[in-house]
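Residue 3 is where the sequence shown starts when you use the numbering used here, and the numbers rise one by one after that.
We put the CB at the ideal spot given by N, CA and C, even for glycine.
Okay, structure first, notes after.
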Amino acid sequence: MLQLNPQTLKKLRRFRHIKRGYYSFLILAGLMVLLAFGELIINSRALLVSYEGELYFPTYTAFHPGTDFGLDYDYEVNYRELKEAFAEDGSGNWVLMPLIPYNAFENHAPGGIFTPLAPDASQQHYLGTDTTSRDILARLFYGTRIALIFSIGFMLSVYLIGIAIGCSMGYFGGVFDLLFQRLIEIWSNVPFLYMVIIIFSVIPAAFSVPTRIGILLMVMVLFSWTGMTYYMRTETYKEKARDYVAAARVIGASNSRIIFRHILPNILSTLVTFMPFTIVGAISAITALDFLGFGLPPPTPSLGELLKQGTANLRTAPWIVTSAFGTLVALLTLVTFVGEAVRESFDPKTYSIYR
Numbered sequence: 003m004l005q006l007n008p009q010t011l012k013k014l015r016r017f018r019h020i021k022r023g024y025y026s027f028l029i030l031a032g033l034m035v036l037l038a039f040g041e042l043i044i045n046s047r048a049l050l051v052s053y054e055g056e057l058y059f060p061t062y063t064a065f066h067p068g069t070d071f072g073l074d075y076d077y078e079v080n081y082r083e084l085k086e087a088f089a090e091d092g093s094g095n096w097v098l099m100p101l102i103p104y105n106a107f108e109n110h111a112p113g114g115i116f117t118p119l120a121p122d123a124s125q126q127h128y129l130g131t132d133t134t135s136r137d138i139l140a141r142l143f144y145g146t147r148i149a150l151i152f153s154i155g156f157m158l159s160v161y162l163i164g165i166a167i168g169c170s171m172g173y174f175g176g177v178f179d180l181l182f183q184r185l186i187e188i189w190s191n192v193p194f195l196y197m198v199i200i201i202f203s204v205i206p207a208a209f210s211v212p213t214r215i216g217i218l219l220m221v222m223v224l225f226s227w228t229g230m231t232y233y234m235r236t237e238t239y240k241e242k243a244r245d246y247v248a249a250a251r252v253i254g255a256s257n258s259r260i261i262f263r264h265i266l267p268n269i270l271s272t273l274v275t276f277m278p279f280t281i282v283g284a285i286s287a288i289t290a291l292d293f294l295g296f297g298l299p300p301p302t303p304s305l306g307e308l309l310k311q312g313t314a315n316l317r318t319a320p321w322i323v324t325s326a327f328g329t330l331v332a333l334l335t336l337v338t339f340v341g342e343a344v345r346e347s348f349d350p351k352t353y354s355i356y357r
């Protein structure tokens with residue numbers, strides 16, 4: 003069982019006492035749980051179908067053709083229409099749909115023309131539809147999930163590279179440190195946006211959406227790890243001169259043990275403090291790239307893509323930009339509040355008394 007030291011427990015208690023950050027953390031944790039089971043809330047597939055005395059669970063299974071439920075077509079069932087058909091024939095069959103019976107890619111145009119529709123509770127488009135008649139709430143929901151997963155993957159990758167290189171530079175020093183400093187300075191001057199444009203202009207369109215998202219994540223990480231490296235180098239250089247590191251060397255501890263078992267735990271507060279702000283930066287970056295058309299490949303749900311649609315149709319469909327902008331502001335505000343609370347609770351200067 004993981005045992006936390008008294009200092010860490012004290013910092014966690016400080017965090018709980020900062021109500022704005024603590025409640026923001028609880029809201030984000032609840033949102034993550036909600037997003038993890040999003041298909042049970044927003045989905046065009048039924049949660050449960052009862053047909054001829056047999057139960058079907060289409061949400062997390064392979065698609066069912068219409069012939070499975072007595073219909074005359076072999077492509078995937080439209081479960082909203084199936085629910086209406088069962089209700090009309092009075093056969094005792096029934097369909098249980100999610101709260102929002104649309105997916106993020108489905109074009110639903112009752113009039114047959116793909117056009118933005120204002121919020122309509124009778125159609126269960128609670129935030130309206132976008133320019134191609136896709137449900138905005140569904141696209142916001144899954145776009146937020148993709149943004150959070152992408153940003154967490156970005157943070158872990160940046161931390162992995164930054165900690166490995168930064169700790170090595172600070173611990174070994176000398177020629178190794180000087181060489182990597184010069185390389186980092188050169189690499190930091192390469193323009194990020196131009197490289198993204200060049201790379202995505204040569205990526206074959208035949209690549210799958212997950213592959214293109216992975217390439218985008220890799221490109222963003224390659225141009226973002228340098229900042230964390232400097233922080234890790236400085237902290238490691240400072241901790242290397244302390245007595246506990248000298249004691250570890252005397253007893254024969256290896257370099258890897260000194261770095262990972264002694265130095266790294268003592269600079270943990272720096273890592274934890276930057277985590278929320280790294281996530282905020284990643285969400286802002288991916289949203290900006292999507293807005294410019296160089297981010298997540300279409301038709302992936304995206305906050306930036308909805309913002310782009312909304313600004314282009316500001317007068318005719320103001321609900322698009324209002325929904326996307328409100329979601330982005332709320333998400334970034336919650337993460338920022340958590341980051342400020344973490345920084346304050348882990349800052350020793352705030353709770354230190356000098357005599």
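Would residue i be called buried (16 or more neighbouring beta carbons within 10 Å of its own) or exposed?
{"i": "residue 197", "result": "exposed"}
{"i": "residue 13", "result": "buried"}
{"i": "residue 220", "result": "exposed"}
{"i": "residue 329", "result": "buried"}
{"i": "residue 263", "result": "exposed"}
{"i": "residue 311", "result": "buried"}
{"i": "residue 237", "result": "buried"}
{"i": "residue 34", "result": "exposed"}
{"i": "residue 245", "result": "exposed"}
{"i": "residue 23", "result": "buried"}
{"i": "residue 132", "result": "buried"}
{"i": "residue 4", "result": "Bear in mind that a pLDDT of 46 at residue 4, under 50, signals an unreliable position, so the model cannot answer this."}
{"i": "residue 339", "result": "buried"}
{"i": "residue 19", "result": "exposed"}
{"i": "residue 251", "result": "exposed"}
Excluding the 5 residues preceding and the 5 following residue i in the sequence, name in chain order all residues of the same chain whose CB lies nearer than 7 Å to its CB.
{"i": "residue 97", "result": "48, 51, 81, 84, 85 and 88"}
{"i": "residue 109", "result": "116, 134, 135 and 136"}
{"i": "residue 285", "result": "149, 153, 333 and 334"}
{"i": "residue 182", "result": "167 and 171"}
{"i": "residue 313", "result": "323"}
{"i": "residue 160", "result": "223, 226, 227, 230 and 280"}
{"i": "residue 53", "result": "71 and 95"}
Sorted by chain position, which residues of the same chain lie with C-beta nearer than 6 Å to residue i's C-beta, five sequence neighbours on each side aside?
{"i": "residue 337", "result": "278, 281 and 282"}
{"i": "residue 319", "result": "118"}
{"i": "residue 101", "result": "43"}
{"i": "residue 16", "result": "347"}
{"i": "residue 307", "result": "292"}
{"i": "residue 239", "result": "172"}
{"i": "residue 26", "result": "336, 339 and 340"}
May I ask you to report which of helix, strand or coil DSSP gives residue i?
{"i": "residue 321", "result": "helix"}
{"i": "residue 44", "result": "strand"}
{"i": "residue 297", "result": "coil"}
{"i": "residue 347", "result": "helix"}
{"i": "residue 254", "result": "coil"}
{"i": "residue 3", "result": "Confidence is the limiting factor: at residue 3 the pLDDT is only 46, short of 50, which leaves the residue's position unreliable, though a coordinate-based value still follows. Coil at residue 3, not helix or strand."}
{"i": "residue 205", "result": "coil"}
{"i": "residue 315", "result": "coil"}
{"i": "residue 20", "result": "coil"}
{"i": "residue 262", "result": "helix"}
{"i": "residue 244", "result": "coil"}
{"i": "residue 26", "result": "helix"}
{"i": "residue 225", "result": "coil"}
{"i": "residue 286", "result": "helix"}
{"i": "residue 1", "result": "Residue 1 cannot be examined here, being either before or after the span of the chain that is shown, 3 to 357."}
{"i": "residue 271", "result": "helix"}
{"i": "residue 279", "result": "helix"}
{"i": "residue 302", "result": "coil"}
{"i": "residue 339", "result": "helix"}
{"i": "residue 327", "result": "helix"}
Since residue i and residue j should fall inside the 8 Å C-beta cutoff, what is the C-beta to C-beta distance between them, to a whole number of angstroms?
{"i": "residue 275", "j": "residue 345", "result": "5 Å"}
{"i": "residue 231", "j": "residue 167", "result": "5 Å"}
{"i": "residue 186", "j": "residue 213", "result": "At roughly 29 Å, the Cβ-Cβ gap does not stay under 8 Å, so residue 186 and residue 213 are not in contact."}
{"i": "residue 222", "j": "residue 287", "result": "6 Å"}
{"i": "residue 218", "j": "residue 297", "result": "7 Å"}
{"i": "residue 143", "j": "residue 301", "result": "About 15 Å; that fails the 8 Å criterion."}
{"i": "residue 299", "j": "residue 211", "result": "5 Å"}
{"i": "residue 61", "j": "residue 45", "result": "6 Å"}
{"i": "residue 184", "j": "residue 37", "result": "Not a contact, Cβ separation roughly 43 Å."}
Got a sec? Which residues, its chain only, sit under 8 Å from residue i by beta carbon, not counting five neighbours each side?
{"i": "residue 247", "result": "241, 260, 264 and 265"}
{"i": "residue 75", "result": "67, 68 and 69"}
{"i": "residue 233", "result": "164, 168, 272 and 276"}
{"i": "residue 205", "result": "214 and 217"}
Any beta carbon from chain C within less than 8 Å of residue i's own beta carbon?
{"i": "residue 48", "result": "The structure shown has no chain C; it contains just one protein chain."}
Contiguous alpha helix (DSSP H) assignments of at least 4 residues, all confined to the segment 164 to 195 | 176 to 190
Can you list, in chain order, the stretches of the alpha helix (DSSP H) that have 4 or more residues and sit fully within the segment 46 to 95?
-> 81 to 91
What residue ranges within the segment 95 to 159 form continuous beta strand (DSSP E) runs of no fewer than 3 residues, ordered along the chain?
-> 96 to 98
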